[in-house]
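Chains as they are written, first to last, in the working numbering: chain A, 410 to 686; chain B, 33 to 297.
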């Protein structure tokens, strides 16, 4: 599998602040859902901004889909990457839903007739076409994030980066957005990077990268990462819901051979427990 | 405030609603200029008939226009009174020191009143039938000639539309801050003027901090979405000049010429 994003020995710090990344390297595989988890201040959002060229790298190199991130390639790279940010309010540029989806297209000087077609298609894909003439003040946070996703879909990128995109939503809204992004990823064969401190969001990923204090602690499949809960706790992260359930059961005398299971396997295991009793 | 900027637009599909915003904007401006040429009963009468016709064509009930007048009523009364009390000439009915009331001053007062009414009516028609977004676009089209002297028309229009888009957001935030400070015991409503101004500080500081944060995040998001400058962009919305615009302009130009003929020279 191709590494669609290659980060090679990067170092970075904000002016007058301690070094955030020192010689960090990592890769993101094409077509995978990669979750980058870590505490606040671990540098995970900075990483996303470096990949998109929104902040300038001090040393090292980032390659996105065979293009080196630098001033010459910046617009080609931004055509390949769609970013959803944390605060739904702060990425809504247009006066109405329709206008907002069109914003990215207008920037790329797409002809008007084409724009109308693309906007309609993208809004229908995220289920917001009926809301096309609403102003942002009349939308919920989840609906605004859907519009942001439509704005990205409209530009048909190869990579979607979710930068804490669900952290300001309620649990149901969060799951809805993740399901939507998953569907779009599958339909369009995209690569997704989700930057999060929500362990349950990370548990659904293909691969998890744990970042702490600017360096990579671990990178592996979620099953392996969440197998060692004490390690997660030592860097200030909580255990995923399924692991917490297993531990709670353990306390009540129901022992499990596993420390972590994904939803499906947990349900299967509980079913087996109930039927053998 | 939010009503003033947003609740004013009444969705509809009338002749006036369908006109392009740039032409509505220019027509309103042109109409205000003609009003200042009116100086007798015939000219004011003609303009009043025209504006009543426009109101009829907008399909908006007259009650909304009365609402538009209400906030300005004291200004109108004050100006009309000044006109009545201080203008001289004609047959004097009453006088006291520098004040006098005569038939000319009463007529002049009446004219001023009608003049106010006409200006308020035309601007109300504009704001009731045009969304703020369309007005921003209209401003952009109207100012387009200024591009020749390198005036940043597109940037101005984009700024205007983003500013309008953030008004409700900031209003919401103000409400939240207001409640948060109230729950901590800040009293905004009473006390001396000095006290009230002091009470506004804990309201304004977080509001400004919030606005600056919004601006910073928004600029990052805009950049990530491929924004470079406001000149090299295509436009999603275009308000084309229509037949309705041409017909309206013909009517207004005709009335303008008529006014020049029937006014007292």
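All C-beta atoms, glycine included, are put in the ideal place defined by N, C-alpha and C.
When the options are compared against residue i, the one with the closest alpha-carbon
i             : options                    : result
residue 497/A : 583/A, 437/A, 658/A        : 583/A
residue 440/A : 485/A, 500/A, 681/A, 616/A : 616/A
residue 110/B : 267/B, 192/B, 193/B, 144/B : 144/B
residue 292/B : 69/B, 49/B, 44/B           : 69/B
residue 146/B : 47/B, 74/B, 274/B          : 74/B
residue 211/B : 226/B, 195/B, 231/B        : 231/B
residue 246/B : 195/B, 41/B, 80/B          : 195/B
residue 655/A : 644/A, 672/A, 525/A        : 672/A
residue 302/B : 537/A, 477/A, 501/A        : With chain B covering 33 to 297 only, the question about residue 302/B has no answer from this structure.
residue 570/A : 578/A, 557/A, 580/A, 579/A : 557/A
residue 591/A : 621/A, 676/A, 442/A        : 442/A
residue 436/A : 449/A, 475/A, 427/A, 465/A : 475/A
residue 149/B : 103/B, 165/B, 128/B        : 103/B
residue 89/B  : 200/B, 167/B, 44/B, 278/B  : 44/B
residue 510/A : 434/A, 430/A, 538/A        : 538/A
residue 467/A : 430/A, 421/A, 585/A, 562/A : 421/A
residue 413/A : 456/A, 473/A, 641/A        : 473/A
residue 83/B  : 119/B, 100/B, 63/B         : 63/B
residue 271/B : 166/B, 253/B, 97/B, 65/B   : 166/B
residue 450/A : 469/A, 506/A, 606/A        : 606/A
residue 255/B : 438/A, 504/A, 491/A, 551/A : 491/A
Minimum Cβ-Cβ distance from residue i to chain B less than 9 Å
i             : result
residue 666/A : no
residue 511/A : yes
residue 450/A : no
residue 579/A : no
residue 412/A : no
residue 676/A : no
residue 544/A : yes
residue 599/A : no
residue 670/A : no
residue 540/A : no
residue 421/A : no
residue 514/A : yes
residue 484/A : yes
Closer than 9 Å to chain A by CB, residue i
i             : result
residue 35/B  : Per-residue confidence for residue 35/B stands at a pLDDT of 44, beneath the threshold of 50, marking its modelled position as unreliable; the derived number appears in the next sentence. No, residue 35/B does not count as interfacial toward chain A.
residue 111/B : no
residue 280/B : no
residue 254/B : yes
residue 155/B : no
residue 38/B  : At residue 38/B the pLDDT is 47, less than 50, meaning the model places this residue with poor confidence and gives no usable figure here.
residue 249/B : yes
residue 257/B : yes
residue 243/B : no
residue 268/B : yes
residue 168/B : yes
residue 265/B : yes
residue 52/B  : no
residue 165/B : yes
residue 187/B : no
residue 260/B : yes
Integer Cβ distance of residue i from residue j, believed to fall under 8 Å
i             : j             : result
residue 269/B : residue 186/B : Their Cβ separation, rounded to whole angstroms, is 14 Å, which puts residue 269/B and residue 186/B out of contact at 8 Å.
residue 141/B : residue 112/B : 5 Å
residue 462/A : residue 445/A : Going by Cβ atoms, the distance from residue 462/A to residue 445/A rounds to 18 Å, so no, they are not a contact pair.
residue 53/B  : residue 156/B : At roughly 15 Å, the Cβ-Cβ gap does not stay under 8 Å, so residue 53/B and residue 156/B are not in contact.
residue 611/A : residue 495/A : Between residue 495/A and residue 611/A the Cβ distance is about 16 Å, and since that is not below 8 Å, they are no contact.
residue 548/A : residue 541/A : 11 Å between Cβ atoms; not a contact.
residue 55/B  : residue 281/B : 7 Å
residue 649/A : residue 669/A : 7 Å
residue 67/B  : residue 151/B : 6 Å
residue 447/A : residue 621/A : 6 Å
residue 57/B  : residue 171/B : 7 Å
residue 350/A : residue 513/A : Since the first residue of chain A shown is 410 and the last is 686, residue 350/A is not available in this structure.
residue 644/A : residue 628/A : Incorrect: roughly 14 Å between the Cβ atoms, too far for contact.
Chain-ordered neighbours of residue i on chain D, where CB pairs are closer than 7 Å
i            : result
residue 49/B : In the displayed structure, chain D is absent; the protein chains listed are A and B.
Heavy atom of the ligand PLP within 8 Å of residue i beta-carbon
i             : result
residue 617/A : As for the ligand PLP, it is missing from this structure, which has no ligand bound.
Please list the residues of the region 487-508 of chain A that have a C-beta atom closer than 9 Å to any C-beta atom in chain B, keeping them in chain order. 487, 488, 490, 491, 492, 494, 495, 496, 498, 499, 500, 501, 502, 503, 504, 505, 507, 508
Counting only Cβ-Cβ distances shorter than 8 Å, please list the residues of the region 190-204 of chain B near chain A, keeping chain order. 193, 194, 196, 197, 200, 201, 204
By the 7 Å beta-carbon criterion, what residues does the region 516-533 of chain A contribute toward chain B? 516, 517, 518, 519, 520, 521, 524
Could you give the uninterrupted runs of the beta strand (DSSP E) lying entirely in the region 220-253 of chain B, keeping only those of 3 residues or more? none
Can you give, in chain order, each stretch of the alpha helix (DSSP H) that sits fully within the region 523-588 of chain A and has at least 4 residues? 550-562
Unbroken stretches of the beta strand (DSSP E), 3 residues or longer, contained in the region 584-645 of chain A: 600-605, 616-621, 624-629
Members of the region 553-575 of chain A near chain B, C-beta cut-off 7 Å: 560
Using Cβ-Cβ distances below 8 Å, what residues of the region 463-479 of chain A are close to chain B? 463
Could you pull out every unbroken alpha helix (DSSP H) segment of at least 4 residues lying fully inside the region 73-148 of chain B, listed in chain order? 73-90, 94-101, 105-118
Every unbroken alpha helix (DSSP H) within the region 38-74 of chain B, with a cutoff of 4 residues, ordered by chain: 47-50, 53-67
Any C-beta of chain B within less than 7 Å: which residues of the region 429-462 of chain A qualify? 461
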